[in-house]
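Note that the sequence shown covers residues 0 to 164 in numbering that gives the first Met the number 0. Backbone N, C-alpha and C fix where the C-beta goes; we use that ideal spot for every residue, glycine too.
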Amino acid sequence: MGVELAVDGGTPVRDTTEAPWPDWPANSEKEWVEEIEPTLKEVYLNKSEGLPAPMGAKFGQAFAAYCDAAYGMMMPSGTTSIAAGISAALDLDGLVDGGEVIIPNYTFIATASAPLSVRCSLALVDVDPVSFTMLPEAVESAITDKTVALLPVHLGGHPADMGSL
Numbered sequence: 000m001g002v003e004l005a006v007d008g009g010t011p012v013r014d015t016t017e018a019p020w021p022d023w024p025a026n027s028e029k030e031w032v033e034e035i036e037p038t039l040k041e042v043y044l045n046k047s048e049g050l051p052a053p054m055g056a057k058f059g060q061a062f063a064a065y066c067d068a069a070y071g072m073m074m075p076s077g078t079t080s081i082a083a084g085i086s087a088a089l090d091l092d093g094l095v096d097g098g099e100v101i102i103p104n105y106t107f108i109a110t111a112s113a114p115l116s117v118r119c120s121l122a123l124v125d126v127d128p129v130s131f132t133m134l135p136e137a138v139e140s141a142i143t144d145k146t147v148a149l150l151p152v153h154l155g156g157h158p159a160d161m162g163s164l
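This is how it looks when you write it as structure tokens:
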């Protein structure tokens, strides 16, 4: 890349003398009292955010605008998000078998449960012993005529070898 890391003498990306570590929470007490707490009370104590989830829809639209995207949808969990992505990519309606999805054999439970929830079967492949991400050669040998997708996982700060995959 040609850019030297700060730890090796390169230019730091932020001044750690002014703020050595980010403060948490990032909100002030005033913001908490005037904005966050009343909203939480409205949602959780009044049980006002059932289906069709108007506040969730409003958040999805605001987040889409923030990301300069046409659409945005709030999802209840990462597992649901993965399942929705698989359904959209494979055009699944949940009523037919979706085919086989190749996943790493060392991963989070959501990597397996999301494809299963949309009627896909799984093929587990070995991972690299250093990065714990999918081995491209293991993926290649696992591909069959039933394979419809790969679901690589970037684990513990180690990105999967997407170029090879």
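Taking a C-beta distance under 9 Å as the contact criterion, G84 and S120 do not qualify as a contact pair.
A residue is called buried once 16 or more other Cβ atoms fall within 10 Å of its Cβ, and S140, having fewer, is exposed. If you look at E3, you'll find it isn't in any beta strand (DSSP E); DSSP assigns it neither H nor E. In the DSSP assignment, S116 falls within the alpha helix (DSSP H) that extends over 108-116.
In the structure shown, S86 adopts helical secondary structure according to DSSP, grouped into three states.
Comparing alpha carbon positions, the residue from F131, A113, L123 closest to V138 is L123. Burial check for M133: the Cβ neighbour count within 10 Å reaches 16 or more, so the residue is buried.
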